[in-house]
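>
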Amino acid sequence: MTVTAWDEPSGATPRGTLIVLPGRGETAASYQRFGRRLSADAYRVRLVSVELDDLDAARVTVEKLLADEALPGPKVLVGTDSGATLAALLAPELPADAVVLAGLALPDSSGVGSWEEEVEARTACPVHRGVISQDQDFGRGGLNEALPWPSVSLAPSDKPTLLLHGSADPITPVAAALAPYAEAGTVRVRVVNNGRHDVLNDASHRSVAATIVLFLESLKLGSDLPDVVSADWRAAS
């Protein structure tokens, strides 16, 4: 199982590890920008390739990364599309410290027609459109690939969770993605205005990355996610 790595800048003290589970069709090239950005903030990033017909292999690799004492904690699962669904299912079972779910895929999520329609559904970011269009290994038509779960029951785990979803996601409607998590106290829900399905690599990727960093920095302070920056000065006194 292939693992792609991005490390913190030389001399920086690593602040944690992100274990990324990509979605259907995606390759490591899709996450170069994300990996560089989060590693620049001193979080180590490890992207695990996921074959939907061999989820056991992905799980074994994730377990090895979680057990690797050379990787600093907290250790956080980050999933997108089918990878987000897998991360949500693994979260209660594995010793990850937290979970980031971006653009969940559900068994009744919509598919696409042409490659042009798939690009439109995935992202409005012109740079990312160019990346996936020029990537010879990218799985075109990936959003039509059947999920390995004929049905899935998602529920909040006891792990701190950040749920990110685009308000304009045409693959999984935002209401369907948020429904299992909307009332959970352990889940921080953030909807990306006008965001499409590949929310980590969409037009608002900077704001999404900043939201993830804020979540990670709060996690460093405690699993109850205390605010690092507060609108109320009395809360910090």
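Going by this note's numbering, the letters in the sequence shown line up with residues 163 to 399, in that order.
All residues carry an ideal CB built from backbone N, CA and C; glycine is no exception.
Treat the numbers as computed from the prediction; the structure is a model and nothing was measured.
Going by DSSP, what residues sit across from D243 in a beta bridge?
For the purposes of this step, residue 243 is taken as the residue at position 81 of the sequence shown. Answer by DSSP bridge pairing, in chain order: L266.
> With DSSP run on the structure shown, which of helix, strand or coil describes A339?
Against the sequence shown, residue 339 aligns to sequence position 177. If DSSP states are grouped into helix, strand and coil, A339 belongs with the helices.
> Which residue's Cα is closest to the Cα of E282: P322, F377, D331 and A258?
Position 120 of the sequence shown, counting from 1, holds the residue named residue 282. The candidate whose alpha carbon is nearest that of E282 is D331.
> Name the residue from A339, G275 and T179 whose alpha carbon lies nearest to the alpha carbon of A267.
In the sequence shown, residue 267 corresponds to position 105, counting from 1. Here the closest residue by C-alpha is A339.
> Answer yes or no: do I181 and A258 have a C-beta to C-beta separation smaller than 9 Å?
In the sequence shown, residue 181 corresponds to position 19, counting from 1. In the sequence shown, residue 258 corresponds to position 96, counting from 1. Contact flag set, yes.
> Leaving out five residues before and five after G197 in sequence, what residues of the same chain have Cβ atoms less than 6 Å from its Cβ?
Taking the sequence shown and counting its residues from 1, one reaches residue 197 at position 35. Contacts found: W168 and V207.
> With DSSP as the reference, identify every bridge partner of A308, one or two as the case may be.
Counting from one through the sequence shown, the residue named residue 308 turns up at place 146. DSSP lists no partner for A308.
> For a quick check, are the C-beta atoms of P432 and L309 less than 9 Å apart?
The question about residue 432 has no answer here: the residues shown for the chain are numbered 163 through 399.
> Please name the residue, chosen from V240, L228 and S244, that lies closest to L305 on a Cα-to-Cα basis.
Taking the sequence shown and counting its residues from 1, one reaches residue 305 at position 143. Among V240, L228 and S244, the Cα nearest to that of L305 is on S244.
> Going by C-alpha to C-alpha distance, which of H367, R177 and Y193 sits closest to F300?
Here the question's residue 300 lines up with position 138 in the sequence shown. For F300, the nearest C-alpha among the options comes from Y193.
> Using a Cβ distance threshold of 8 Å, determine whether the stretch 343-350 contacts the stretch 359-366, with at least three qualifying pairs required.
Segments in contact, no.
> Would P318 and A337 qualify as a contact pair, given that the criterion is a beta-carbon distance under 9 Å?
Taking the sequence shown and counting its residues from 1, one reaches residue 318 at position 156. Taking the sequence shown and counting its residues from 1, one reaches residue 337 at position 175. Contact flag unset, no.
> Spell out the partners DSSP gives H327 in its beta bridges.
Residue 327 sits at position 165 when you count from the first residue of the sequence shown. For H327, which the question treats as bridged, DSSP gives the partners V353.
> Assuming contact is defined by CB atoms lying nearer than 9 Å, are L252 and L239 in contact in what I supplied?
Taking the first residue of the sequence shown as 1, we reach residue 252 at position 90. Taking the first residue of the sequence shown as 1, we reach residue 239 at position 77. Yes; because the gap between Cβ atoms is below 9 Å, this pair is in contact.
> Going by DSSP, which residues form a beta bridge with A346?
Residue numbering aside, residue 346 sits at position 184 when the sequence shown is read from its first letter. DSSP output for A346 lists no bridge partner at all.
> Can you tell me where the beta strand (DSSP E) holding G235 begins and where it ends?
Residue 235 sits at position 73 when you count from the first residue of the sequence shown. Segment: none, G235 is in no beta strand (DSSP E) and carries neither H nor E.
> In this structure, does DSSP put V314 in helix, strand or coil?
Within the sequence shown, residue 314 is the residue found at index 152, counting from 1. It is coil, neither helix nor strand.
> How would you label A393, buried or exposed, when you count the other beta carbons within 10 angstroms and need 16 or more for buried?
Counting from one through the sequence shown, the residue named residue 393 turns up at place 231. Under this definition A393 is an exposed residue.
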